[in-house]
Structure formats: C-alpha cells, structure tokens
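Take a look at the structure set out below.
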Amino acid sequence: VTSRGASRLITEIHAGRTAPRQPGFSRQESLAAQGRLEEAAAAYRAHLLEAPHDPAAWVALGRLLAGPLGDHAGAEAAYLSARRTGAGAEWERIIGNDLIDLYQRMGDGGRMQVELARFASLNQGTREGAAAAQLLRGMKSERRPPSPHGGEGDRG
Numbered sequence: 014v015t016s017r018g019a020s021r022l023i024t025e026i027h028a029g030r031t032a033p034r035q036p037g038f039s040r041q042e043s044l045a046a047q048g049r050l051e052e053a054a055a056a057y058r059a060h061l062l063e064a065p066h067d068p069a070a071w072v073a074l075g076r077l078l079a080g081p082l083g084d085h086a087g088a089e090a091a092y093l094s095a096r097r098t099g100a101g102a103e104w105e106r107i108i109g110n111d112l113i114d115l116y117q118r119m120g121d122g123g124r125m126q127v128e129l130a131r132f133a134s135l136n137q138g139t140r141e142g143a144a145a146a147q148l149l150r151g152m153k154s155e156r157r158p159p160s161p162h163g164g165e166g167d168r169g
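Following the numbering used here, the numbering of the sequence shown begins with 14 at its first residue and continues without gaps.
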C-alpha cells in the first residue's frame, strides 16, 4: 500500500512539472549517456567545486548517484547540499520529491515520513501537498499497533 501510494505521489508531483532547465551540463549528460557514469559524477563534482550554490548540479548529481550508480548515501548528501543552497520553493519541491523517492527505494520509512511531513507542510493547499499528507497518514496508520481493547482475535 505504501509503495503504491508513494508511486502515485511521485507521478502526481512530476506530472507537468520538471526542474527549471539549466544550461551547461552537456558534458556531464553526454558522459552519462555513454555509460561513463563515474566520469559524469566526477564532472558534476568538479563543476560544484567552482559553483557550490548550483542546485541544478546538486540535483543532477543526486539523480545520477541515486539511479544508475546506486549510491544512496551519496545521493542523499547531494540532495541535502542542493537544499542548503536556498534556491527557492520550486527547487525545494524538486529536492523534497527526489528525497521521498530515494527513501522509498532505500526502504527507509522513518526518513520518508519526515520528508513527507516537510513536503506536505511546504506545499499546503496544493494537490502535491495533499497527496503527501495522505500518504503520510497512511504510513502512520500502518505502523500503529493493534488496539489491546478490541480488534481481530478478541472474543470479548
């Protein structure tokens, strides 16, 4: 149930919305397209040494690490670095969504719940915010232990 809900949230969040296009990553993207993933990651890191406040580069690095390179810890660090740039609400929405997706893939329900709560709060009054809040409520209800005062198996 949680996995389906998270997938729907991610689909809804991505529907019709993408990161603001930032020119300048053609070299990194070309390396990744050629399957030279470690070189692409190194090229993003080199760029970030010169431009540490570039949220687009941090997010692109995070996506490369989270996806084909399978470096979840590195991806999380990249996304959190992107968040620290203070790039604004649109980037915060993208970063939050990517972190939710990452934590779902990692099976880390605790951090996923924290990120869902943050996302829902920052996106109140939007479909995405409502979807995050609904998924969070569902996750919390799944973790709730059965009541000792009734429920299945209680013959009274």
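Where a beta carbon is used, it is the ideal one built from N, C-alpha and C, also for glycine.
If you look at residue 114, you'll find it in the alpha helix (DSSP H) that goes 102-119. For residue 60, the enclosing alpha helix (DSSP H) stretches over residues 50-63.
Within the same chain, 142, 145, 146 and 149 come within 7 Å of residue 133 by CB-CB distance, once the 5 residues on both sides are set aside. Exclusion of the five residues before and after residue 91 leaves 71, 72, 74, 75 and 78 as the residues of its chain whose Cβ lies within less than 8 Å of its Cβ. Residue environment analysis places residue 66 among the exposed positions, since fewer than 16 neighbouring C-beta atoms fall within 10 angstroms of its C-beta. In this structure, residue 115 and residue 89 form a Cβ contact; the two beta carbons are roughly 6 Å apart against a cut-off of 8 Å.
Where residue 68 is concerned, the enclosing alpha helix (DSSP H) starts and stops at 68-79. Taking every protein chain shown into account, the CB of residue 94 has 16 or more other CB atoms within 10 angstroms, so this residue is buried. Per the C-alpha coordinates, the member of 109, 68, 52 and 99 positioned closest to residue 82 is 52.
Across the set 62, 40, 41 and 101, the C-alpha of 101 shows the shortest separation from the C-alpha of residue 135.
Out of 68, 118, 96 and 155, the CA that lies nearest to the CA of residue 131 is found in 96. In this structure, the CA atom of residue 59 is about 25 Å from the CA atom of residue 110. By the neighbour-count definition (other C-beta atoms within 10 Å, threshold 16), residue 106 is a buried residue. Rounded to the nearest angstrom, the gap between the Cα atoms of residue 125 and residue 155 is 14 Å.
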